[in-house]
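**Student:** Numbering (my numbering), first residue to last: 7 to 348.
Input: one structure, supplied below.
If you want it as structure tokens, here you go:
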């Protein structure tokens, strides 16, 4: 063999030998590669399993959350998003800012109502077993112990999200109102339940929604105060749905304090006056405009419809249907906030 040929390998028995180099065992190399692939496959399967487990847990929590808050979405998340849209239109910023701002409003509002409903359903579980057995705790989808473990976590998460989105005071105010409602007896008297918790809570939510969506645009406090105040008063109509249950629980709702007929008369008076109050607070200063007239007409039509139903249809079932018209009126009012911002 000449000198050049001796520089090449000779292959015998599955090895390759190079001049001056240790023989390379191809079989051992192949086994090492196969072992490495098996190890990588095992890690991939573990990671895939962990990812599936995490995704399953997240989806389960979202499903539980939706089941817990679904009755209240129309009076919390939807109005906040509408006001957030109005804020973005007023800010007139880029699309990216629009999307991120509204995503922040959606997250904050979801946690806003989730925290309240979780605390409410923990404290009211015995009553829910009788009146609302489809709720997540009495139905067995979530144990009372697990709900109690979630409560501080959800509250801390809500406060953290509020701080990150620039509305720490509004978030802290809502945590305080929730505690007052469920642990200081505010939910047991018509004045603190409706005017306090609902009215003040709506102020905190709408102001936060605006500041999250458009932090550099001044908040229209006339809209926040007018809509929140009238909602708190109009929300008195929710107390006609379960007078017997409220009496058994020792609550002092308006129908129990003044009687059914006087309470209905007072609520009808509020609903009849509502269009005029909102016109003076929100529309009159801008003069006569087609959009202002449409706002007045829409609010008047819905308010009078709700008032008529409340006075003429008196049963727990009908009172519940009447109450469920109120969030629609609230959303219509906030939809006009969007139109006025265009």
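Cβ coordinates follow ideal geometry from the N, Cα and C atoms, glycine included.
Use the C-beta contact count for residue 200: other C-beta atoms within 10 angstroms, 16 or more gives buried, fewer gives exposed.
**Tutor:** As a first step, residue 200 is located in the chain shown; it is residue number 194 there, counting from the start. Classification of residue 200: buried, given that the 10 Å Cβ count is 16 or more.
**Student:** Could you spell out where the alpha helix (DSSP H) holding residue 180 opens and where it closes?
**Tutor:** Here residue 180 corresponds to residue number 174 of the chain shown, with the count starting at 1. Start and end: 174-189.
**Student:** Take the Cβ of residue 171 as the centre, count every other Cβ of all protein chains shown within 10 Å, and call the residue buried at 16 or more, exposed below.
**Tutor:** In the chain shown, counting from the first residue as 1, residue 171 sits at position 165. Residue 171 is buried by the Cβ-count criterion.
**Student:** Return the residue from the list 313, 96 and 281 that minimises the CA-CA distance to residue 269.
**Tutor:** For the purposes of this step, residue 269 is taken as residue 263 along the chain shown, with counting starting at 1. Of the candidates 313, 96 and 281, the one whose C-alpha sits nearest the C-alpha of residue 269 is 313.
**Student:** Run through DSSP, which three-state label would residue 154 get?
**Tutor:** Working through the chain shown from its first residue, we reach residue 154 at position 148. In the structure shown, residue 154 sits in a helix (DSSP, three-state: H, G or I).
**Student:** Should residue 59 be labelled buried (16 or more other beta-carbon atoms within 10 Å of its own) or exposed?
**Tutor:** Taking the first residue of the chain shown as 1, we reach residue 59 at position 53. Under this definition residue 59 is an exposed residue.
**Student:** Given this structure, state the Cα-to-Cα distance separating residue 266 from residue 328, to the nearest angstrom.
**Tutor:** Taking the first residue of the chain shown as position 1, residue 266 is located at position 260. Taking the first residue of the chain shown as position 1, residue 328 is located at position 322. So the alpha carbons of these two residues sit roughly 15 Å apart.
**Student:** In whole angstroms, what separates the C-alpha of residue 173 from that of residue 125?
**Tutor:** Taking the first residue of the chain shown as position 1, residue 173 is located at position 167. Taking the first residue of the chain shown as position 1, residue 125 is located at position 119. Straight-line Cα distance between these residues: approximately 21 Å.
**Student:** Could you give the first and the last residue of the continuous alpha helix (DSSP H) run that contains residue 325?
**Tutor:** As a working note, residue 325 is residue 319 in the chain shown. First-last of the alpha helix (DSSP H) with residue 325: 322-329.
**Student:** Can you list, in chain order, the residues of its chain whose CB lies under 7 Å from that of residue 121, leaving out five sequence neighbours each side?
**Tutor:** Sequence index remark: in the chain shown, residue 121 carries index 115 (1-based). Closer than 7 Å at the Cβ level, and outside the excluded window around residue 121, lie 160, 161, 164 and 184.
**Student:** Classify residue 64: buried if its beta carbon has 16 or more other beta carbons within 10 angstroms, exposed otherwise.
**Tutor:** In the chain shown, counting from the first residue as 1, residue 64 sits at position 58. Label assigned to residue 64: exposed.
**Student:** Determine contact between the stretch 215-231 and the stretch 187-197, defined as no fewer than three beta-carbon pairs at a distance below 8 Å.
**Tutor:** Verdict: no, contact absent.
**Student:** So who's on the other strand from residue 285, going by DSSP bridges?
**Tutor:** Translated into the one-based positions of the chain shown, residue 285 becomes position 279. Bridge partners of residue 285: none, in fact.
**Student:** Roughly how many angstroms separate the alpha carbons of residue 256 and residue 238, rounded to a whole number?
**Tutor:** Within the chain shown, residue 256 is the residue found at index 250, counting from 1. Within the chain shown, residue 238 is the residue found at index 232, counting from 1. Residue 256 and residue 238: Cα-Cα distance of roughly 22 Å.
**Student:** Please say whether residue 212 and residue 86 have beta carbons closer to each other than 8 Å?
**Tutor:** Residue numbering aside, residue 86 sits at position 80 when the chain shown is read from its first letter. Residue numbering aside, residue 212 sits at position 206 when the chain shown is read from its first letter. In this structure, residue 212 lies closer than 8 Å to residue 86 by Cβ.
**Student:** Less than 8 Å between the beta carbons of residue 111 and residue 219, yes or no?
**Tutor:** The residue given as residue 111 occupies position 105 in the chain shown. The residue given as residue 219 occupies position 213 in the chain shown. Their beta carbons are under 8 Å apart, which means residue 111 touches residue 219 by this criterion.
**Student:** Can you give me the start and stop residues for the alpha helix (DSSP H) that residue 312 sits inside?
**Tutor:** Start at 1 with the first residue of the chain shown, and residue 312 comes out as number 306. Looking at the DSSP string, the run of the alpha helix (DSSP H) that includes residue 312 is 296-318.
**Student:** What's the call for residue 115, buried or exposed, on a 16-neighbour Cβ count within 10 Å?
**Tutor:** Within the chain shown, the letter at position 109 stands for residue 115. Under this definition residue 115 is a buried residue.
**Student:** Whole-angstrom Cβ separation of residue 325 and residue 246, contact assumed at under 8 Å?
**Tutor:** By 1-based counting over the chain shown, the position of residue 325 is 319. By 1-based counting over the chain shown, the position of residue 246 is 240. Between residue 246 and residue 325 the Cβ distance is about 4 Å, and since that is below 8 Å, they are a contact.
**Student:** Can you give me the start and stop residues for the alpha helix (DSSP H) that residue 236 sits inside?
**Tutor:** If you number the chain shown from 1, residue 236 lands on position 230. Its alpha helix (DSSP H) spans residues 227-240.
**Student:** Please classify residue 58: does DSSP put it in a helix, a strand, or coil?
**Tutor:** For this step, residue 58 is matched to residue 52 along the chain shown. Reduced to three states, the DSSP call for residue 58 is helix.
**Student:** Helix, strand or coil for residue 147? Go by DSSP, reduced to three states.
**Tutor:** Taking the chain shown and counting its residues from 1, the one referred to as residue 147 is at position 141. Three-state result, residue 147: coil.
**Student:** Would you kindly work out how many angstroms separate the C-alpha atoms of residue 45 and residue 109, rounded to a whole number?
**Tutor:** Translated into the one-based positions of the chain shown, residue 45 becomes position 39. Translated into the one-based positions of the chain shown, residue 109 becomes position 103. Answer to the nearest angstrom: the Cα atoms are 41 Å apart.
**Student:** Which of the three DSSP states is assigned to residue 270 in this structure?
**Tutor:** Against the chain shown, residue 270 aligns to sequence position 264. Three-state DSSP puts residue 270 in a helix.
**Student:** Determine the closest residue to residue 5 out of 337, 262, 320 and 321, with distance taken between C-alpha atoms.
**Tutor:** This structure cannot settle anything about residue 5, because the visible part of the chain is limited to 7 through 348.
**Student:** Just to check my reading of the structure: residue 242 and residue 273 have Cβ atoms closer than 8 Å, yes? What is that Cβ distance to the nearest angstrom?
**Tutor:** Position 236 of the chain shown, counted from the start, is the residue given in the question as residue 242. Position 267 of the chain shown, counted from the start, is the residue given in the question as residue 273. The Cβ separation is near 5 Å, so the contact holds.
**Student:** Which partner residues of residue 94 appear in the DSSP bridge assignment?
**Tutor:** Walking along the chain shown from the start, residue 94 turns up at place 88. Paired residue(s): none; residue 94 is not in a bridge.
**Student:** How would you call residue 318, buried or exposed, if buried means at least 16 neighbouring beta carbons within 10 angstroms?
**Tutor:** For the purposes of this step, residue 318 is identified with residue 312 of the chain shown, where counting begins at 1. Exposed, by the Cβ-count rule.
**Student:** Please classify residue 339 as buried or exposed, where buried requires at least 16 neighbouring CB atoms within 10 angstroms.
**Tutor:** For the purposes of this step, residue 339 is taken as the residue at position 333 of the chain shown. Buried, by the Cβ-count rule.
**Student:** Which word fits residue 100, buried or exposed, when buried means at least 16 other C-beta atoms lie within 10 angstroms of its C-beta?
**Tutor:** For the purposes of this step, residue 100 is taken as the residue at position 94 of the chain shown. Exposed, because fewer than 16 other Cβ atoms sit within 10 Å of the Cβ of residue 100.
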